[in-house]
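Let me begin by presenting the structure, written as structure tokens, before commenting on it.
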Amino acid sequence: MKRLDEIGAGFVRAIELILNLDPAVVEITVRSLLIALASTTIAAAIAVPIGGLIHFHNFWGKRAAINVIQTLYSLPTVTVGLLVFLLLSRSGPLGGFGLLFTPAGMVIGQTILIVPIMTGLTIAALSGIADQVRDSAVSLGASKYQAIFTIMGEARAAMMAAVLLGFGRALSEVGVAMMIGGNIRGYTRVLTTAIALETSRGDIEFSMALGIILVSISLIVNLLVNRVQGRWWA
Numbered sequence: 001m002k003r004l005d006e007i008g009a010g011f012v013r014a015i016e017l018i019l020n021l022d023p024a025v026v027e028i029t030v031r032s033l034l035i036a037l038a039s040t041t042i043a044a045a046i047a048v049p050i051g052g053l054i055h056f057h058n059f060w061g062k063r064a065a066i067n068v069i070q071t072l073y074s075l076p077t078v079t080v081g082l083l084v085f086l087l088l089s090r091s092g093p094l095g096g097f098g099l100l101f102t103p104a105g106m107v108i109g110q111t112i113l114i115v116p117i118m119t120g121l122t123i124a125a126l127s128g129i130a131d132q133v134r135d136s137a138v139s140l141g142a143s144k145y146q147a148i149f150t151i152m153g154e155a156r157a158a159m160m161a162a163v164l165l166g167f168g169r170a171l172s173e174v175g176v177a178m179m180i181g182g183n184i185r186g187y188t189r190v191l192t193t194a195i196a197l198e199t200s201r202g203d204i205e206f207s208m209a210l211g212i213i214l215v216s217i218s219l220i221v222n223l224l225v226n227r228v229q230g231r232w233w234a
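If you read the sequence shown in my numbering, its first letter stands for residue 1, the second for the next number, and so on.
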């Protein structure tokens, strides 16, 4: 019972930190959102064209390529973190740019992490459009590229859902953020790494405040995905 009381008191204190816009809480939240948004924007610019190219072209090994992309959905974040760490370290090929333990390095890591997810979901979104849509566009005089844009327009809601899911994945990951960002206070500390650190320090109230914010953002993203998909299936 005492432990439950402590948890309840911690929850109340966490809500107070959020409502009072505690500077540390706001700083960490804003940084997390900016890094996740930057990663998602770059990943979308890469994943959507690649997904389109794979879907609209037939080539040897296409099925295998799609299987590899789908396998990378569950790629452990620490594996991506290790790969990017080796690339950005001083002895790595990109070590001269000084990106290790920086927000830019975290963006690179998160982008690599979510590109396969967004690419695979883009392919799935385009595959869900009936062949009759393309046939109708062609019969009305549309060129090859006009037909492609027509199909992509029909799949825009599902593709938007893919982008939102990529954002949610980037925001909630911890392996890349910890290994590439280094969890530096006021510079690379984000929601997930701050929760891990403050919990180990015993600052449960602060951790719960950050956890509530992270869950709330994830809930909003999930609601947006359901909203978009609802419009799509309506």
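Glycine included, each C-beta is placed from N, C-alpha and C at the ideal position.
{"Item": "Which of the three DSSP states, helix, strand or coil, is assigned to I117?", "Value": "helix"}
{"Item": "State buried or exposed for S91, treating a residue as buried only when at least 16 other CB atoms are found within 10 Å of its CB.", "Value": "exposed"}
{"Item": "Considering only their Cβ atoms, is the gap separating L72 from N116 smaller than 8 Å?", "Value": "For clarity, residue 116 is Pro in the given sequence; the question names Asn instead. In contact: P116 and L72 (Cβ atoms closer than 8 Å)."}
{"Item": "Under the assumption that S74 contacts A170 (Cβ atoms under 8 Å), give the Cβ distance between them as a whole number of angstroms.", "Value": "About 15 Å separates the two Cβ atoms, so there is no contact after all."}
{"Item": "What residues in its chain sit with their C-beta under 8 Å from that of I18, if we drop five residues either side in the sequence?", "Value": "V25, A209, I212, I213"}
{"Item": "Closest to P76 by CA distance: which of A45, I50, F59, M179 is it?", "Value": "M179"}
{"Item": "Please classify E198 as buried or exposed, where buried requires at least 16 other C-beta atoms within 10 Å of its C-beta.", "Value": "buried"}
{"Item": "From the DSSP output, in three-state form, read off S200 for me.", "Value": "helix"}
{"Item": "Could you give the DSSP three-state label for E173: helix, strand or coil?", "Value": "coil"}
{"Item": "Can you tell me whether L223 is buried or exposed, with buried defined as 16 or more other CB within 10 angstroms of its CB?", "Value": "exposed"}
{"Item": "Give the range of the alpha helix (DSSP H) segment to which F101 is assigned.", "Value": "First-last for F101: undefined, no H or E at that position."}
{"Item": "Apply the 10 Å Cβ neighbour rule to V48 and answer buried if 16 or more other Cβ atoms are within range, or exposed otherwise.", "Value": "buried"}
{"Item": "My output table needs one value for L87: the three-state DSSP class, helix, strand or coil.", "Value": "helix"}
{"Item": "Grouping DSSP H, G and I as helix and E and B as strand, with all else coil, what is H57?", "Value": "coil"}
{"Item": "Go to I184, then tell me how far its alpha helix (DSSP H) extends in each direction, as first and last residue.", "Value": "Run containing I184: none; DSSP gives neither H nor E here."}
{"Item": "Taking only the alpha-carbon atoms, compute the straight-line gap between G52 and L37 and give it to the nearest angstrom.", "Value": "22 Å"}
{"Item": "Using the C-alpha atoms, what's the distance from T192 back to S172?", "Value": "7 Å"}
{"Item": "If I'm right that A194 touches I28 with Cβ under 8 Å, what's the distance once you round it to whole angstroms?", "Value": "5 Å"}
{"Item": "So V176 packs on G109, CB below 8 Å; how close in whole Å?", "Value": "4 Å"}
{"Item": "Measure the CB-CB distance between E205 and R63 and report whether it falls below 8 Å.", "Value": "no"}
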